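Participant: Got a structure for you, written out below as structure tokens; questions coming shortly.
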Amino acid sequence: MSEAAGRGLSRRGFLNAVGAAAGVITVATIGETVGPLSRLSPLAPRRASVGPQHLPVNKSGAGARVEQSAVDPTYRLVVGSLSLSVGDLQSLPQHAAILPIACVEGWSAVGHWSGIRLRDLLDRAGIDHDRWVRVESLERSGLYVTSEVSPTHARDPLTLLALRLGGEPLALDHGYPCRLIGPNRPGVLQTKWVRRVVAL
Amino acid sequence: MVLDPPTMTSILHRPLPKPPSALRRGPFREGRFSSPLHSAWVAARLGRMLGITFGVCFLTGLYSHFLQHQPHWAPWLTSRPVGLYRFTQGLHVATGLASIPLLLAKLWTVYPKLWEWPPARSLSHAVERGSLFLLVAGSGFQLVTGLMNVVGWYAFKFFFTPAHYWTAYITIGAMLIHIGTKLTVARQALSDE
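Structure (structure tokens):
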């Protein structure tokens, strides 16, 4: 039991030191997802409130090379047979949702989004309730230029094609003119700069 | 040639010839590692914590994988609770990061076993030690690539997600074998206050 007595660090002391190291690492990084602890987390790769419109981004509009296509006046969102300009989108019924962006890399932050319910658009386009849909980005290449949406997510009243964040139009980095935002969905699937929604 | 089970067992457990003791030098020398921190007592406790953190990482990782590659046969991957993924993925990264000092300490505690003598007592002993290579390599790969991904350092040429996903199975499989082979020793060590 006390074989280590007098020989430096005891077994118990060693375990406590390792446990303390794990604890310090946790506290020093957890603030990237537990907002109130962010002041204690100098090692957190992200801060939940730092970014355009006080929300972090992983991929910027410049990184996705959509700076021109996203603001092109000929932009149309295509949903099935519908083709909608930014003005058309703004004139449709708007809904609000408070939803987190939760990145696979471990950070998360809550945004106040508003826009058009995806299910409203699917209904307008005559897409059936049990269909999976694919949301496609203006972004040309990359691992996450499209995402698939299950019927449960697509029909959820909280799943939006958001036009606004925090009461302002979406910043380019957040997916202007419109982006997908849905509940309980990894950030990489919250497709930005949406140009097309197709039924699968 | 198909061996019937008893023959197979006897081959696996038959003692291998001992290597000449002249080779037992350097770190292989008896009593080379004398610190009481290199003990089953410490290893079992660190191992228990790692078992928990790796288990949590594996399950939350699977959840993340299946949400991202949602199979059409899994309608239970629903949109509620709204913030479930936020919780599971935060937990995934937090337990992964906490595993780093635990794994380093565990490896340091048990590394004298790398110089065990004789290196292989029997075929089954050799196979068991070989599976530890998978466990150590897999664990290191998961924690290093995970950490790199978290800090946005995409320095590797392969795609992170499939590599991290498939290596998880290798690592967890090797961990289960490891738990199975060490269960008796670990239980005894854990019951010793």
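Quick note, the sequences are listed as chains W and C, same order.
Take the first sequence: its position 189, counted from the start at 1, is 171 in this note's numbering, and no numbers get skipped.
Take the second sequence: its position 54, counted from the start at 1, is 170 in this note's numbering, and no numbers get skipped.
Ideal Cβ placement from N, Cα and C applies to all residues, glycine included.
The structure presented is a predicted model; accordingly, all values stated were derived computationally and were not measured.
1) Quick one, which of PRO143(C), LEU132(C), PRO136(C), LEU139(C) has its alpha-carbon nearest TRP231(C)'s?
2) Return the CA-CA distance between PRO121(C) and ARG237(C), expressed in angstroms with no decimal places.
3) So THR134(W) and THR194(C) are supposed to be a Cβ contact under 8 Å. How far apart are they, rounded?
4) Are the Cβ atoms of ARG58(W) and SER67(W) separated by less than 8 Å?
5) For MET(-17)(W), which residues from the same chain have a beta carbon less than 8 Å from its beta carbon, with the 5 sequence-adjacent residues on both sides left out?
6) Against GLN186(C), what residues of chain W qualify as contacts under a CB-to-CB distance less than 8 Å, listed in chain order?
7) Tell me, please, which residues DSSP counts as bridged to GLU150(W).
8) Going straight from the alpha carbon of TRP233(C) to that of ARG167(W), what length do you get?
9) Note down, in chain order, all residues in the segment 83 to 101 of chain W with a beta-carbon under 7 Å from any beta-carbon belonging to chain C.
10) Measure the C-alpha to C-alpha separation of VAL176(W) and ARG106(W) and round it to an integer number of angstroms.
11) Can a CB atom of chain C be found closer than 8 Å to the CB of ALA(-14)(W)?
12) For ASP105(W), would you say it is in contact with chain C, using Cβ-to-Cβ distances shorter than 8 Å as the test?
13) So if I threshold CB-CB distances at 8 Å, which residues from the segment 168 to 179 of chain W count as touching chain C?
14) Expressed to the nearest angstrom, what Euclidean distance is found between the alpha-carbon atoms of LEU120(W) and GLY33(W)?
15) From what residue to what residue does the beta strand (DSSP E) around TRP95(W) run?
16) Measuring CA to CA, which of LYS298(C), PRO228(C), GLY171(C), SER180(C) is closest to GLU146(C)?
17) Which partner residues of SER238(C) appear in the DSSP bridge assignment?
18) The alpha helix (DSSP H) with SER73(W) in it runs from where to where?
19) Tell me whether ASP155(W) is buried or exposed, calling it buried when 16 or more other Cβ atoms sit within 10 Å of its Cβ.
20) At 8 Å on the CB atoms, spell out the chain C contacts of GLY164(W), in chain order.
21) Quick one: which residues of the segment 20 to 36 of chain W get their C-beta closer than 7 Å to a C-beta of chain C? List them in chain order.
22) Would you kindly check if the distance between the Cβ of ALA84(W) and the Cβ of ARG196(C) is under 8 Å?
23) So what's THR141(W) in DSSP terms, helix, strand or just coil?
24) Is there a C-beta anywhere in chain C that falls below 8 Å from the one on ILE109(W)?
25) So, does the segment 123 to 137 of chain W touch the segment -8 to 10 of chain W, judging by three or more C-beta pairs under 8 Å?
26) For LEU175(C), return the contacting residues in chain W, with the cut-off set at a CB-CB distance below 9 Å.
27) Mind reading off the beta-carbon distance from LYS222(C) to ALA302(C)? Whole number of angstroms is fine, and I expect it under 8 Å.
28) Checking 8 Å against the spacing of the C-beta atoms, do LYS174(W) and GLY157(W) come in under that value?
29) Between VAL115(W) and chain C, is the shortest Cβ-Cβ distance under 8 Å, so that the two count as touching?
30) Does any residue of chain C bring its CB to less than 8 Å from the CB of ARG(-7)(W)?
Facilitator: For this structure:
1) PRO143(C)
2) 20 Å
3) 5 Å
4) yes
5) Reliability fails at MET(-17)(W), whose pLDDT of 45 lies under 50, so the model's placement of it is uncertain and no value is given.
6) GLU130, SER132
7) LEU147(W)
8) 52 Å
9) ALA84, VAL86, GLU87, GLY88, SER90
10) 17 Å
11) The predicted model places ALA(-14)(W) with a pLDDT of 44, which falls under 50 and marks its position as unreliable, so this point remains unresolved.
12) no
13) PRO168, VAL170, LEU171
14) 22 Å
15) 90 to 99
16) PRO228(C)
17) PRO131(C)
18) 68 to 73
19) buried
20) SER195
21) PRO27
22) no
23) coil
24) no
25) no
26) What LEU175(C) touches in chain W: nothing, since even the nearest Cβ is about 15 Å away.
27) No, LYS222(C) and ALA302(C) are not in contact; Cβ-Cβ is about 12 Å, not under 8 Å.
28) yes
29) no
30) yes
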